[in-house]
Structures are given as structure tokens and as C-alpha cells.
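One line per chain: the protein sequences are L and Y, in this order. According to my numbering, the first sequence is numbered sequentially starting from 1. According to my numbering, the second sequence is numbered sequentially starting from 1. Don't be surprised by glycine CBs; every beta carbon is placed ideally from N, CA and C. Since we're looking at a predicted model, the values are computed, not measured. So the structure is just underneath, and the comments pick up after that.
2 protein chains.
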Amino acid sequence: MDSRKQKILEAVVLDYIETAEPVGSRTISKKYNLGVSSATIRNEMADLEEMGLIEQPHTSAGRVPSEAGYRYYVDYLMAQSDIQQEAQQMISHALQDKQQKVGDVLRDSMKLLAEVTNCTTVMVLDENRGAALQLLQLLLVEPGKALMVIVMEGDKIENHFLEIPKSMTKEDLELVSAMMNQNLRGLKVDDWQRSMLETIFQDLTRQRQVVDRALEMLSSILDIRNKDKKIYLDGGLNMLSQPEFQDVNKVKTLLHSLEQQEVLSQLMEADNETGITVKIGAETGLDEVKDCSVIVANYKVKGKTVGKVGLIGPTRMDYATAVSMLNTMAQTLEEAYPDKE
Amino acid sequence: MDSRKQKILEAVVLDYIETAEPVGSRTISKKYNLGVSSATIRNEMADLEEMGLIEQPHTSAGRVPSEAGYRYYVDYLMAQSDIQQEAQQMISHALQDKQQKVGDVLRDSMKLLAEVTNCTTVMVLDENRGAALQLLQLLLVEPGKALMVIVMEGDKIENHFLEIPKSMTKEDLELVSAMMNQNLRGLKVDDWQRSMLETIFQDLTRQRQVVDRALEMLSSILDIRNKDKKIYLDGGLNMLSQPEFQDVNKVKTLLHSLEQQEVLSQLMEADNETGITVKIGAETGLDEVKDCSVIVANYKVKGKTVGKVGLIGPTRMDYATAVSMLNTMAQTLEEAYPDKE
DNA sequence: GTTAGCACTCGACATGATAGAGTGCTAACA
DNA sequence: TGTTAGCACTCTATCATGTCGAGTGCTAAC
Numbered sequence: 001m002d003s004r005k006q007k008i009l010e011a012v013v014l015d016y017i018e019t020a021e022p023v024g025s026r027t028i029s030k031k032y033n034l035g036v037s038s039a040t041i042r043n044e045m046a047d048l049e050e051m052g053l054i055e056q057p058h059t060s061a062g063r064v065p066s067e068a069g070y071r072y073y074v075d076y077l078m079a080q081s082d083i084q085q086e087a088q089q090m091i092s093h094a095l096q097d098k099q100q101k102v103g104d105v106l107r108d109s110m111k112l113l114a115e116v117t118n119c120t121t122v123m124v125l126d127e128n129r130g131a132a133l134q135l136l137q138l139l140l141v142e143p144g145k146a147l148m149v150i151v152m153e154g155d156k157i158e159n160h161f162l163e164i165p166k167s168m169t170k171e172d173l174e175l176v177s178a179m180m181n182q183n184l185r186g187l188k189v190d191d192w193q194r195s196m197l198e199t200i201f202q203d204l205t206r207q208r209q210v211v212d213r214a215l216e217m218l219s220s221i222l223d224i225r226n227k228d229k230k231i232y233l234d235g236g237l238n239m240l241s242q243p244e245f246q247d248v249n250k251v252k253t254l255l256h257s258l259e260q261q262e263v264l265s266q267l268m269e270a271d272n273e274t275g276i277t278v279k280i281g282a283e284t285g286l287d288e289v290k291d292c293s294v295i296v297a298n299y300k301v302k303g304k305t306v307g308k309v310g311l312i313g314p315t316r317m318d319y320a321t322a323v324s325m326l327n328t329m330a331q332t333l334e335e336a337y338p339d340k341e
Numbered sequence: 001m002d003s004r005k006q007k008i009l010e011a012v013v014l015d016y017i018e019t020a021e022p023v024g025s026r027t028i029s030k031k032y033n034l035g036v037s038s039a040t041i042r043n044e045m046a047d048l049e050e051m052g053l054i055e056q057p058h059t060s061a062g063r064v065p066s067e068a069g070y071r072y073y074v075d076y077l078m079a080q081s082d083i084q085q086e087a088q089q090m091i092s093h094a095l096q097d098k099q100q101k102v103g104d105v106l107r108d109s110m111k112l113l114a115e116v117t118n119c120t121t122v123m124v125l126d127e128n129r130g131a132a133l134q135l136l137q138l139l140l141v142e143p144g145k146a147l148m149v150i151v152m153e154g155d156k157i158e159n160h161f162l163e164i165p166k167s168m169t170k171e172d173l174e175l176v177s178a179m180m181n182q183n184l185r186g187l188k189v190d191d192w193q194r195s196m197l198e199t200i201f202q203d204l205t206r207q208r209q210v211v212d213r214a215l216e217m218l219s220s221i222l223d224i225r226n227k228d229k230k231i232y233l234d235g236g237l238n239m240l241s242q243p244e245f246q247d248v249n250k251v252k253t254l255l256h257s258l259e260q261q262e263v264l265s266q267l268m269e270a271d272n273e274t275g276i277t278v279k280i281g282a283e284t285g286l287d288e289v290k291d292c293s294v295i296v297a298n299y300k301v302k303g304k305t306v307g308k309v310g311l312i313g314p315t316r317m318d319y320a321t322a323v324s325m326l327n328t329m330a331q332t333l334e335e336a337y338p339d340k341e
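In C-alpha cells form, the structure reads like this:
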């Protein structure tokens, strides 16, 4: 793969990203001054096609990058543009207003990202299974009914109602709460184990029933945690502006897919080690979104991945800008919120 | 307006709802046996057109109901079909599984409704401003940080973090909580008044600061409540199957509008007295959804409206079925959950 | 190795012809 | 007087046809 072929491939990709029209040899020779005539470019393009990097929608149309072509572009040609700076500025400006809630900032960032890239943004917050318990408290709401309040590190709150024996008093609950707090505070959810929990509380005979209920509740929280990642989506409609989504049926299928958590989860699967993962078309492994690409950035805190930010767009998306933006966004967030989820 | 004209108008509406194609005189005379020839029907249709109840997309096309036509149909002709029974069965069957959370049932019902009618369903839960406070508790999370847990009648829970002086102990918070509970429990949010609150707590000097924060928080809750209705949406993509929404731009505008709370709020505005409100096309007062109609049902508990369930579809929607379904749904919900929100 | 030139292919678009659905009007009928 | 059959007319949808232009591949010359 000589340097001229690379330049031509890059030209095809860039022009197609810009115009969404198949790009011909003449266009390239005129617009991107490679110093050779269109005929030469034609020859090279024939080679590129043979290599599977570009393809023709039909004879006598221009060329369009194949998925392999995008792949090559992303891996070897794409310049981490100076958009980076601009993005940096924009994002940190947007995040300036720090007095808002953490959740709101994340949402706003996603919205911003979606607007700028004209793609759909996804955020997956892995439940902090590694987070420690900060506070566990049982409150008497009315006779026979208690509320269990759980506060996790990172200010995550969960509430669950509990049925309890009517005879239980506020003081009983207080006792159980104190006991649980004493034993569980600072422990990570991952480290909870039913058997362990049970031994801890075996001498609380009078409050036996409450303890049982509470433990049941806690176990089910453990179960839910594993499945129930929090997924936020923004800009779901953005892609409708793209010329490749002018067909309503296509749109319907796509949007429908994006409403399904499993689909999003799979899309957002990414190697936790690398910073940014780009999946092009079929690489997503999902037929429903075969005309789309996904860019996923891990969002780390203290070196540990706690969530992911993703960008979903047409295969013909502006990878350079998207990657830049996403990178910047993840970094900025990490710097701004080193100790929050 | 003689009975034959009515029958013809009804035929036009029904046929157009079914086929989405302009309906001609011949079709009517063949399909709906009114005992007269197509020529007669033509004459009648000319009259109906003059009256503004039907219109022609262009010369030599069939007729299509105008908005006024739909209105007339809904007001005078529409039969509350026997779908009612079927719906009843279906809905109560779906709601059988009562052990789920209240919120889930509502969601499921909406999903069902959306599927069956192929429309978008909306649910607005007016915040229970009339609900009474059940429990208010301050919990010490860590030094300098407290969590305020509020439980309202109807099992609504709210959590808010509060910054407090580091010197505050668990016992201080317990004292404030007890005080607040004692004074506020059973009171309706509407009845809280800052001035009143302040006099109650004026002798808690040591905890002054916490009380202040808490009161601030409570006030802001009051403010939020007024604006922040909870709105749920389901089947947002359903309308894409309708032939009138084959144009992507139209779809984009529409879906975008439906993402905006204000739009939904306005759409769902309805006379609280009457059970069901039907707004056809321009009657919604919103240009963004001018090709849509909205049917809103009030959802009452103990005779008081606590929420609304709505159905958004194309003007050419099946009003009879929709109204039946919605009616049944609201009734079933009321019966099933007389004392929950 | 590069380029100019040329024949060829194919889609986009405009044009025109045709069929069919539906109307309005008129005259005849009960 | 209301109803109906018949007919001319209108308009759209559809298909075949022709033309244009963009783009290609190939060949021969540089």
C-alpha cells in the first residue's frame, strides 16, 4: 500500500463523509491536489477496489468506502484533528456550571456531544459494584411498613419498602439498622455474602423477621445490580437528518433497536483496557444497526472503568471529529469529577 | 343533516380510517349497503363537502374527512363499540399480576395500550400536591453530610442530600427529624408554608443551621412540584407504521415535539370534569402535531383527578376503539388501585 | 509510469402515452 | 321530486422512451 493509494483512499473517505455521494476520480483530482490526473487515480482506484477498500454502488458511479476501507482509514490515516482543542474548550465551558447535580452534568455533556456530532450518544453507568456501603437505615413509615434507605459511596441512593410485623417498633428498627451499619458499612457490594450476613445477625432473635426481609431485599439488590446497568441516551433523533436514513422503515427498525437495553449493551461492549473502541458496521455484531458505527470511550475513575460514553452514527460518520470529541469528553469528565460516579 | 347524509359521512370516515385512501362514491355504494346508487351518494357527498365535513385532495379523487368531519363523527355518530368488552378482558388480564410495583403496572398498561391501538400513549402523573407527608427523616451519612428522606402518602419517596455543620451529631439530626415529623406528619404539601414552618422550629437553636437547610430544601421541593409533573411515554415509534408518516422530516419534527415536556403537557391539557376529551388536529392548538389527534382520559382516585392517560395518533385514527380502550383502561386502573397513585 | 482520448454503462430526469378511478352534469325514469 | 344511468371530463399513477451527464475501463501515445 503505497502512499499515493493511501492519499486516494483518504480522499474518498473524506469526500464521501462530507457529501454522502459516491466520489469519482475527477472530483478527487480536482479537489484534492495529488498532482496526478484523473486517469491515474482511476487506475489506483481500481486497485483499491480489488483490495476491498472501496466499492462501486453500480458501474459508472463513483466509489464509496467499504467497511474495510473505513477500518483502514480509522486505523492508519485518520488524523487526531485539532478539533481536539476546540472541543476541549467547548466541553469544559459547558461543564463549568458545576453546582448542578452530577447526573445533570453527565446528561448535559451527552446532549452537547450529540448536538455537535449529530449522532446519538449513549452513556452506560456500570453500577458501582465495587462501591462501598455508606449508610443503611430502616425507617418506620407506618405500623407494619418500613422503608430501607441505602446510600452507597458515590451518593447513589436506593429505596425499598419492606413489610414488617406490626409489632415492630421504631426502636427495633433502629437496633437492626445500627447492627447492619456497624457490620456492613464500608464493605463493597461484591463482598456481601448471604451466609456471612446471616451469621452476623443470628443473635437478633426478636427482630428475626425484619432481618430476614432485609436480607432478602439486599440479595435481590445484588441480583438486580448485575443486570440493571443504567443507560442514558440522547440525540436519538439526530440521525434522521442523515441522508442514509430517509427511509422510514429503516428508521423505525433502527430507533426501535436503540430502545432495547440489550442492543445498547451489546453495542457498548468494549475492551476495558483501551481508551477508545471503534466498531464499524458489521463489527458491531448486530444486524439491526448494520449501517451504523459505534465509538465507545471508557470513562475511568482512579484507573478503573466505571462507565462508558458512546457515539452511534452512520458508517459514514466523521470518525476524526467523533473520536476527538469523545476522547476530550471522557478526559474532561474524569478531571472534573475524579471522585464521583 | 338527514340520516342518509350521516350514514354516508360515517362510511367515509370508517373507510378512510381503515384504508387511508380517499374513498369514492362507488366504494361506498358497494361496501356499505345504503340502498342507493353511487350517483345519489355523489350528490350527497357534494353536499357534505359544501358543509365542510369532507374534502377532496384533488378533483377526481375520492373524499377524505375534514377535521370538522371527524369532529361530527366523534360527537354524534361514533358507537362505543363492543370492543369495550374485549378491552376490559385484555386489560384486566394484563393487570392481573398485581404483585409488581404500582409504577410498573402503569407502564405495562401504557405499553399494552400503545400496542393495541398502534398509537403513542402518554401518562401524566400530577404530583400529589394534595398528598400528605408520611415520614420525614434526616440521616447522617458522614460528618457534614446528611440525607433527607421524604415519604409521601402513596409511597412516593424523595431523597435529597444536605450539607450540615460537621459538628452535628446523629442525635441532633434525630431530634430535628422527630420535631419535623411531629409537626408536619399528615399535613399536605399544599398546606406547608415557610412562615409556619419557621415558627415551629424557632426554639431549636443549636440545630438552627440544619433546620434552615432543610426548610430551604422543602421550599424548593414545593417549587419543583408545581412544574415537574411526571410524564411517561410509550410507543413513540408506533406512528411510523402509519402511511401518513412516511416522510422522514415530518417524522423527525413530530418525534422531536413529543420529546418536549411542554408540548406533551399542552397536548394533555383537558377539562378535568369530563371523562374523556378528544382533540382533533388543529384543536390541539399545536402546529407541530397538526396531523395528529389526541384523546385524553382523566384518571381519578376518590373522584379527584390525579393523572391523565392519553393517546396520540394520526387524525385518521380509530377513534371508536381508542376511546373505548382508554375508557376501560382508566376505569380498570381506578378499580384496581383505588388508593394508590 | 503517466496521461489523453474514446467508447461504453448506468442512473437521474424529463417527456409522453395510457389506464383507471372518480367526479359533475344531464336527461330519463318512477 | 328524488333517484338513477350514462357520459364527458379531470387528474393521478404508471410505464416506456429518450436524453444527459457522470464516471469508468481500456488503449495508445508520451
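By the C-beta criterion, the segment 15-24 of chain L is judged to be in contact with the segment 303-320 of chain L, since at least 3 inter-stretch pairs fall below 8 angstroms. In the same chain as residue 40 of chain L, and ignoring 5 residues on each side of it, no C-beta atom comes closer than 7 angstroms to its own. DSSP places residue 243 of chain L within a helical segment (H, G or I) once states are collapsed to three. The three-state reading of DSSP puts residue 299 of chain Y in strand, counting E and B together. For residue 76 of chain L, the three-state secondary structure derived from DSSP is helix.
The three-state secondary structure of residue 30 of chain L, taken from DSSP, is helix. Of all C-beta pairs linking the segment 103-118 of chain L to the segment 134-151 of chain L, fewer than three are shorter than 8 angstroms, placing the two stretches out of contact.
Note: residue 147 of chain L is bridge-paired with L/139 and L/161 in the DSSP secondary-structure output. Residue 313 of chain L counts as buried, since no fewer than 16 other beta carbons sit within 10 angstroms of its beta carbon. By the CB criterion at 9 angstroms, residue 236 of chain Y and residue 255 of chain Y fall inside the cutoff.
Between residue 280 of chain Y and residue 293 of chain Y the beta-carbon gap is near 5 angstroms, inside 8 angstroms, which marks them as a contact. For residue 187 of chain L, the closest Cβ of chain Y is not nearer than 9 angstroms. C-alpha of residue 68 of chain L to C-alpha of residue 248 of chain Y: approximately 30 angstroms in a straight line. For residue 176 of chain L, the enclosing alpha helix (DSSP H) starts and ends at 170-184. Of the residues assessed, residue 214 of chain L falls on the buried side of the cut-off, its CB having 16 or more other CB atoms within 10 angstroms.
Neighbourhood of residue 252 of chain L in chain Y, by CB distance below 8 angstroms: 237, 240 and 241, in chain order. For residue 335 of chain L, no CB of chain Y lies under 9 angstroms from its own CB, so it is not counted at the interface with that chain.
When the beta-carbon positions are compared, residue 45 of chain L and residue 74 of chain L stay at least 9 angstroms from each other. Residue 144 of chain Y is positioned such that its CB atom lies closer than 9 angstroms to that of residue 163 of chain Y.
Taking each of L/153, L/260 and L/178 in turn and checking the Cα distance to residue 306 of chain L, the smallest one comes out for L/153. In this structure, the straight-line span from the alpha carbon of residue 175 of chain Y to that of residue 323 of chain Y is close to 53 angstroms. The alpha-carbon of residue 53 of chain Y is positioned some 20 angstroms away from that of residue 277 of chain Y. The beta carbon of residue 25 of chain Y sits closer than 7 angstroms to those of 38, 41, 42 and 45, all from its chain and outside the five residues before and after it, given in chain order. Per the C-alpha coordinates, the member of L/210, L/165, L/166 and L/230 positioned closest to residue 177 of chain L is L/210. Here the alpha carbon of residue 286 of chain L sits roughly 16 angstroms from the alpha carbon of residue 122 of chain L. Inter-residue distance for residue 238 of chain L and residue 275 of chain L is about 25 angstroms (C-alpha atoms, whole angstroms). In terms of beta-carbon proximity, residue 256 of chain L lines the interface with chain Y, with at least one pair separated by less than 9 angstroms. Separation of the CB atoms of residue 65 of chain L and residue 22 of chain L is rounded to 10 angstroms, and the pair is thereby denied contact status at 8 angstroms. According to DSSP, residue 335 of chain L shares a beta bridge with no other residue. Contact between residue 4 of chain L and residue 34 of chain L holds, with the beta-carbon distance rounding to 7 angstroms and staying under 8 angstroms.
With a cutoff of 9 angstroms on beta-carbon distance, residue 76 of chain Y and residue 6 of chain Y are scored as near each other. Take residue 157 of chain Y, set aside five residues on each side of it, and the residues of its chain with a beta-carbon closer than 8 angstroms to its own are 149, 150 and 151, in chain order. Residue 268 of chain L: not part of any beta strand (DSSP E); member of the alpha helix (DSSP H) spanning 261-268, first to last residue. For residue 289 of chain L, the closest of L/90, L/167, L/259 and L/327 by C-alpha to C-alpha distance is L/259. For a cut-off of 8 angstroms, the C-beta gap from residue 270 of chain Y to residue 296 of chain Y is around 4 angstroms, short enough to register as a contact. The beta carbon of residue 259 of chain L sits closer than 9 angstroms to some beta carbon of chain Y.
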